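These protein sequences, in sequence, are chains X and P. According to this note's numbering, the first sequence is numbered sequentially starting from 50. According to this note's numbering, the second sequence is numbered sequentially starting from 164. Think of the CB as a built atom: it goes at the ideal place given N, C-alpha and C, for glycine as much as any other residue. A quick note: this is a predicted structure, and the numbers were derived from the prediction, not measured.
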Amino acid sequence: MGETFAMKALGRAAGKSVREGEIVFVEPGVVLTHDNSSAIIGKFESTVPGGKVRYPDRLAIVLDHVIPAATSKNAAGHARTRSFVRNQGISHFYDIGVGVCHQVLPEKGLIVPGSVVVGSDSHTCTYGAFNCFATGIDRTEAAGLWITGRTWFRVPETICINITGHLNYGVSAKDLMLTIIGKISASGANYMAVEFHGPAVGSLRICDRMTIANMGIEMGAKVAVFPGDGIMHDYLQLRGVDCSGAIWSDHDAIFSQTHSFDLEEVAPMIAMPHQVDNVVAVTDIPETPLDQVFIGTCTNGRLEDLIAAANILRGKKIASTLRLLVGPASREVYLEGMELGIIQDMIVAGATVLPPGCGPCLGAHQGALAPGEKCLSTANRNFKGRMGEKEAEIYLASPETAAASALTGRITDPREVI
Amino acid sequence: MAAFCYRQDDINTDLLFPGKYTYTCATGPEIKEHLLEDLDPDFASRVKPGDIIIAGSNFGCGSSREQPSLGLKYVGLKAVLARSFARIFYRSAINQGLLLVQSPEAVDAYDDGDSVEISPSAGTVTVAGKVFSFPPLPAEMLEILEAGGLLAHIRSRVADGGGSGG
């Protein structure tokens, strides 16, 4: 019987052949933490006072969630993290302004195909775009990994998602993933691996794959993974990454479920408040005036996303009734956007540009909402209270839909304005 | 023992502990102040050690923030009984030493005011006299849960001379 990606990836990491449902112990190649590092340091130090991190080279620490520090308490957390990084000899540390962790790690060449990556962040599954077994853990487990270097996994069953066709003009990978989540539901892939197969995978760029893998957790997936093909090689080899470890499921692998999606049938979609799987076509929703539009995050803050938005905004003005916030996912994205002139295009159209980081997505600072306000965001979560106010509404959509909506002041199908 | 029953599915981590406090609240007392704030504002003042939560499917979905599991352990919650749990929350609860009981039948059988008894060792939950069984934890996870959580487990191994390889 053939093996799935998950069986091969965990089998390689565990050094033996594994079966679904089995518990295996592995040493992840990367352990990511961010602003939560400060709390993890507290757990580490109280468990092994004066102890050293077992594998400092496997740690990646990115300050991105509340940057620059919004309060002195945030600042103290950042300061504690910088001090720990120096004392423990942690080389993969990226201070404020480098970008959102899930954009920074691939840019810096830390994400290696075929490896196991864990992060104290639920969107660690983003690295499935690079053929990684990548998944989220909590702070306590991150502290345990700093101490011991290893953790356990249950070898998951696998859902195969088969993609065919081509995306239509004005439709993006975000619309595809919202369509998938709407069908599979917020819990439909719980505890499971998701593999993306089919002829259309080759037409999805790295940015598209990152958007899709990023939202795997929104249907409960443990990992959401793409094959290690030429598109991935082109991206990673520029960053000096050895791609020889890429793995993929066997042709006769057994999948628990198979779902098929034809890209030709995907239209601009919206996740309505307050559930990511509450998905409807943009054309099917009633007139919805907006107070804020946010383009950015680990889901949709990449260069291609900003180009798509700028192409809609260029030479126009946003509606006077709303605020448009743009957060480049990294310093690299920000600089490339400046060279292309698209950042300027968006500022001239009325955008407020935020520093490269998580920005308003988690509701801790920058662009928090007032009671009763409606925000359309390119992020991955629209839970009640997510952007700092439980009486506010969050709608999730593509950068194209976000930009079109910023122009009209209401949720708008991008095909109406491009 | 009191049971706090929230029948809805997909109770997410923002409802259990709003994200805006994630980077300023890390200790038990700080977390308790906002625990379940946007789901049940009275929970934090009413919950007592030994109480349980009863919920629908996919409890704890969303973020990897651990304030929900850490906070529920801190206030002395005996267990969460749900139709199912989201993966990261499930892991996190084991890491905090918080008992989770997955039994859709027991959740369906529960009516307001019913007595609920949980026996982790027998793998049974009794609702108003009716007994339901739930799948036991694999041995590796049970060991962590019984030690009182992951870090307590690591501490005990270091103390036993087991090194840090566990």
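Less than 8 angstroms between the CB atoms is what I'm expecting for residue i and residue j, so what's the real figure, rounded?
i, j, result
"F133 (chain X)", "S298 (chain X)", "In fact, because the Cβ distance is near 39 angstroms, the residues do not count as touching under 8 angstroms."
"L261 (chain P)", "S232 (chain P)", "5 angstroms"
"L308 (chain P)", "T189 (chain X)", "Incorrect: roughly 13 angstroms between the Cβ atoms, too far for contact."
"V325 (chain X)", "A262 (chain X)", "So it is not a contact: roughly 15 angstroms between Cβ atoms."
"I251 (chain P)", "S171 (chain X)", "6 angstroms"
"P177 (chain P)", "G225 (chain P)", "According to the sequence as given, residue 177 (chain P) is Asp; it is not Pro. The Cβ separation is near 6 angstroms, so the contact holds."
Could you tell me if residue i is buried or exposed, where buried requires 16 or more neighbouring beta carbons within 10 angstroms of its beta carbon?
i, result
"L287 (chain X)", "exposed"
"G326 (chain P)", "The pLDDT assigned to G326 (chain P) is 44, lower than 50, so where the model puts this residue is not dependable, and the model offers no usable value."
"M259 (chain X)", "buried"
"T185 (chain P)", "buried"
"H414 (chain X)", "buried"
"K92 (chain X)", "buried"
"Y383 (chain X)", "buried"
"Q171 (chain P)", "exposed"
"Y218 (chain X)", "exposed"
"T197 (chain X)", "buried"
"G328 (chain P)", "Its pLDDT being 40, under 50, G328 (chain P) is placed unreliably in this model, and the value from its coordinates should be taken loosely. Exposed is the call here."
"N221 (chain P)", "buried"
"A218 (chain P)", "buried"
"R430 (chain X)", "buried"
"S426 (chain X)", "buried"
"V294 (chain P)", "exposed"
"E267 (chain X)", "buried"
"G168 (chain X)", "buried"
"E313 (chain X)", "exposed"
"H114 (chain X)", "buried"
"V255 (chain P)", "Looking at the sequence provided, one finds Ser at residue 255 (chain P) rather than Val. Looking at its Cβ environment, which holds 16 or more other Cβ atoms inside 10 Å, S255 (chain P) is buried."
"G277 (chain X)", "buried"
"G412 (chain X)", "buried"
"E336 (chain X)", "exposed"
Do we get a CB-CB distance below 7 angstroms when we pair residue i with the residues of chain P?
i, result
"N123 (chain X)", "yes"
"L194 (chain X)", "no"
"A413 (chain X)", "yes"
"N327 (chain X)", "no"
"T53 (chain X)", "no"
"R68 (chain X)", "no"
"I72 (chain X)", "yes"
"R363 (chain X)", "no"
"V147 (chain X)", "no"
"Y240 (chain X)", "yes"
"K157 (chain X)", "no"
"E190 (chain X)", "yes"
"W201 (chain X)", "yes"
"S86 (chain X)", "no"
"A109 (chain X)", "no"
Is the CB of residue i under 7 angstroms away from at least one CB in chain X?
i, result
"P204 (chain P)", "no"
"L313 (chain P)", "yes"
"S227 (chain P)", "yes"
"S327 (chain P)", "With a pLDDT of 42 at S327 (chain P), under the threshold of 50, the predicted position of this residue should be treated as unreliable, though the coordinate-derived value follows. Yes, contact with chain X."
"K195 (chain P)", "no"
"D201 (chain P)", "yes"
"F180 (chain P)", "no"
"R250 (chain P)", "yes"
"Q306 (chain P)", "The sequence given here has Glu at residue 306 (chain P), not Gln. False, the Cβ-Cβ gap to chain X never drops below 7 angstroms."
"R318 (chain P)", "yes"
"Y186 (chain P)", "yes"
"K236 (chain P)", "no"
"K241 (chain P)", "no"
Regarding residue i and the ligand NAD, is the C-beta to nearest heavy atom distance less than 6 angstroms?
i, result
"V270 (chain P)", "Judged by which ligands are present, the structure shown has none, so any question about the ligand NAD falls away."
Unbroken alpha helix (DSSP H) runs of length 4 or more, entirely within the segment 234-271 of chain X: which are they? Unbroken alpha helix (DSSP H) runs of no fewer than 4 residues, entirely contained in the segment 234-271 of chain X, are found at 255-263, following chain order.
Entirely within the segment 279-304 of chain X and at least 4 residues each: give me those alpha helix (DSSP H) ranges in chain order. You should have 279-286.
Could I get the ranges of all uninterrupted alpha helix (DSSP H) runs contained in the segment 137-209 of chain X, with 4 residues as the minimum, in chain order? 150-156, 188-197
Contained beta strand (DSSP E) runs [length at least 3] in the segment 85-130 of chain X, N- to C-terminal order: 108-111
Does the segment 276-285 of chain X come close enough to the segment 394-404 of chain X that 3 or more CB-CB pairs lie under 8 angstroms? no
Mind pulling the alpha helix (DSSP H) runs of 4 or more residues that sit fully within the segment 252-310 of chain P? 267-272, 302-309
If we require 3 or more residues per run, which beta strand (DSSP E) segments fall completely within the segment 386-416 of chain X? 400-402
Is it a yes or a no for the segment 205-214 of chain X touching the segment 276-284 of chain P, going by three-plus beta-carbon pairs under 8 angstroms? no
Any 3 or more C-beta pairs closer than 8 angstroms across the segment 342-355 of chain X and the segment 370-377 of chain X: Yes, the segment 342-355 of chain X is in contact with the segment 370-377 of chain X.
Contact between the segment 121-130 of chain X and the segment 379-398 of chain X is defined here as three or more beta-carbon pairs at a separation below 8 angstroms; is this criterion met? No, because fewer than three Cβ pairs between the segment 121-130 of chain X and the segment 379-398 of chain X fall closer than 8 angstroms, the two stretches do not touch.
Residue ranges of each alpha helix (DSSP H) run of no fewer than 4 residues wholly in the segment 329-360 of chain X, ordered along the chain? 346-349
Touch check for the segment 154-161 of chain X and the segment 67-82 of chain X: three-plus C-beta pairs under 8 angstroms? These segments touch.
Uninterrupted alpha helix (DSSP H) stretches inside the segment 216-246 of chain P (no shorter than 4 residues): 230-237
Give a yes or no on contact between the segment 218-231 of chain X and the segment 198-205 of chain X, applying the rule of three or more CB pairs nearer than 8 angstroms. Remark: fewer than three beta-carbon pairs, one from each stretch, lie closer than 8 angstroms, so the segment 218-231 of chain X and the segment 198-205 of chain X are not flagged as touching.
Segments assigned beta strand (DSSP E), at least 3 residues, entirely inside the segment 439-465 of chain X: 442-445
Would you check if there are 3 or more beta carbon pairs closer than 8 angstroms linking the segment 191-207 of chain P to the segment 248-257 of chain X? no
contact_flag[the segment 386-395 of chain X, the segment 354-364 of chain X] where n(CB pairs < 8 angstroms) is 3 or more: yes
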